[in-house]
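What follows is one structure encoded as structure tokens, with my remarks underneath.
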Amino acid sequence: MSAPETPPSATYDSAFLKACRREPVPHTPVWFMRQAGRSLPEYRKVREGIPMLESCMRPELVTEITLQPVRRHNVDAAIYYSDIVVPLKAIGVDLDIRPGVGPVVENPIRTRADLAQLRDLTPEDVSYVTEAIGLLTRELGPTPLIGFAGAPFTLASYLVEGGPSRTYENAKAMMYGDPELWADLLDRLAEITAVFLKVQIEAGASAVQLFDSWAGALAPVDYRRSVLPASAKVFEAVEGYGVPRIHFGVGCGELLKLMGEAGADVVGVDWRVPLDEAARRVGPGKALQGNLDPTVLFASTEAVEAKTREVLDSAEGLEGHVFNLGHGVMPSTDPDALTRLVEYVHTHTTR
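This is the structure we're talking about:
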């Protein structure tokens with residue numbers, strides 16, 4: 450797969466991509482992680498009776514779900530509707546997403562022989578992604594589409610633990626006790642992830658985000674030694690496309706500089722670290738994304754606006770800022786609160 454010579458012209462001058470490139474913007478752009486999802490009644494209606502992974506493999510359904518928050522909230526970017534385990538399912542890993550639990554892997558990876566579950570991913574394995582993004586980009590026009598994937602560490606955590614974990618005891622035991630096997634596992638996942646992102650970019654995604662949702666469980670020394678090389682391999686693989694690369698993790702305040710060093714153009718920040726402090730930790734040359742606490746949206750409109758002003762004030766003077774929540778939209782969030790938030794940010798930051 451070869452990189453395109455020029456960026457997609459329809460979206461190039463969007464506020465979102467300008468902010469990612471640290472260029473002047475007409476207003477601070479806004480999008481929300483998990484904006485296409487359970488908080489929207491129209492989402493619950495179209496998903497009724499359809500298992501999560503199946504919904505990710507229906508191009509027309511993916512298109513509709515991805516577009517729903519753009520129509521409703523007037524966000525500055527769409528995020529492709531999928532799940533981080535989709536590429537693993539596509540190569541034949543026996544897993545499912547169980548309601549109320551999350552991804553569950555039937556045969557966890559614990560030995561070198563278990564690596565045989567992870568064959569190479571090909572574009573043909575995820576042809577439905579190419580089809581859906583083609584449909585989406587025609588509908589979105591000048592609104593950028595963000596592609597995404599799970600980072601190698603987070604994918605490895607699910608594969609080794611067999612499902613969600615609070616302690617990551619099996620994954621960390623492998624990382625500390627069999628570093629060669631761990632490195633080979635993450636390297637293979639980096640290759641799979643890179644292909645998955647390339648497919649999305651070549652189909653028309655204007656930016657990509659790597660979610661390292663569970664990297665906050667790591668000490669910086671362990672992240673640098675045992676995780677950063679695989680994430681860097683993913684970012685390097687898509688560098689030639691010229692699209693912004695966003696890196697996000699939860700509870701990663703101590704890792705922000707390292708996450709930027711992995712190759713991100715934009716570093717996502719959760720709500721625990723103010724953006725001005727995050728900028729100091731990350732260092733120059735990176736845009737920041739974030740970082741309103743998602744639970745603030747359950748408070749009054751006045752409280753939401755006050756906390757939003759705090760975020761915007763903290764972002765004053767940053768080289769580039771994309772407004773987002775510090776994590777995903779919570780399922781019981783009032784969709785109207787999100788719509789009001791987008792309007793408030795746009796109005797408050799119009800230049």
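In short: position in the sequence shown from 1, add 449, done, that's my numbering. We treat Cβ as the ideally placed atom computed from N, Cα and C, and that holds for glycine.
query	result
In the DSSP assignment, find the unbroken beta strand (DSSP E) run with asparagine 773 in it and report its ends.	770–774
Roughly how many angstroms separate the alpha carbons of tyrosine 461 and valine 578, rounded to a whole number?	22 Å
Between the C-alpha atoms of leucine 537 and glycine 583, what's the straight-line distance to the nearest angstrom?	22 Å
Among Ala527, Ser576 and Gly549, whose alpha-carbon lies nearest the alpha-carbon of alanine 464?	Ala527
Is the separation between the beta-carbon of threonine 642 and that of leucine 604 shorter than 9 Å?	yes
As an exercise, report each continuous beta strand (DSSP E) stretch of at least 3 residues that is fully enclosed by the stretch 539–624, in chain order.	544–547, 551–554 and 594–599
Give the secondary structure of valine 715 by DSSP, where H, G and I count as helix, E and B as strand, and everything else as coil.	strand
To the nearest whole angstrom, what separates the beta carbons of valine 534 and tyrosine 607, a pair I think is in contact under 8 Å?	7 Å
Within 10 angstroms of the Cβ of proline 453, are there 16 or more other Cβ atoms? Answer buried if so, exposed if not.	Any reading at proline 453 needs caution, since the residue's pLDDT is 46, under 50, leaving its predicted position unreliable; the model's value is listed next. With fewer than 16 other Cβ atoms within 10 Å, it is exposed.
Keeping to the same chain, check which residues put their C-beta closer than 7 Å to that of threonine 798; ignore five residues upstream and five downstream.	His476, Thr477 and Leu761
Under the three-state reduction of DSSP, which class applies to threonine 796: helix, strand or coil?	helix
Hey, arginine 694 and valine 657 are a contact pair by Cβ (cut 8 Å); roughly how many whole angstroms apart?	6 Å
Would glycine 712 and glutamate 688 be called neighbours here (beta carbons separated by less than 9 Å)?	yes
Check for me: the beta strand (DSSP E) holding arginine 520 runs from which residue to which?	No beta strand (DSSP E) holds arginine 520; the alpha helix (DSSP H) holding it covers 508–522.
Taking the beta carbon of glycine 486 as the centre, do at least 16 other beta carbons fall within 10 Å, making it buried, or is it exposed?	buried
For a test of the three-state rule: what should DSSP assign to aspartate 661, helix, strand or coil?	strand
Helix, strand or coil for glutamine 484? Go by DSSP, reduced to three states.	coil
Specify, as a first and last residue, the run of the alpha helix (DSSP H) that arginine 674 falls within.	669–675
Is it right to say serine 763 is buried, meaning 16 or more other beta carbons lie within 10 angstroms of its own, or is it exposed?	buried
If contacts are defined as beta-carbon pairs under 8 Å, then valine 479 and valine 791 qualify, I think. What distance do you get, rounded to the angstrom?	5 Å
Are the beta-carbon atoms of glycine 596 and leucine 646 separated by less than 9 Å?	yes
Quick one: give me the first and last residue of the alpha helix (DSSP H) that leucine 646 is part of.	628–652
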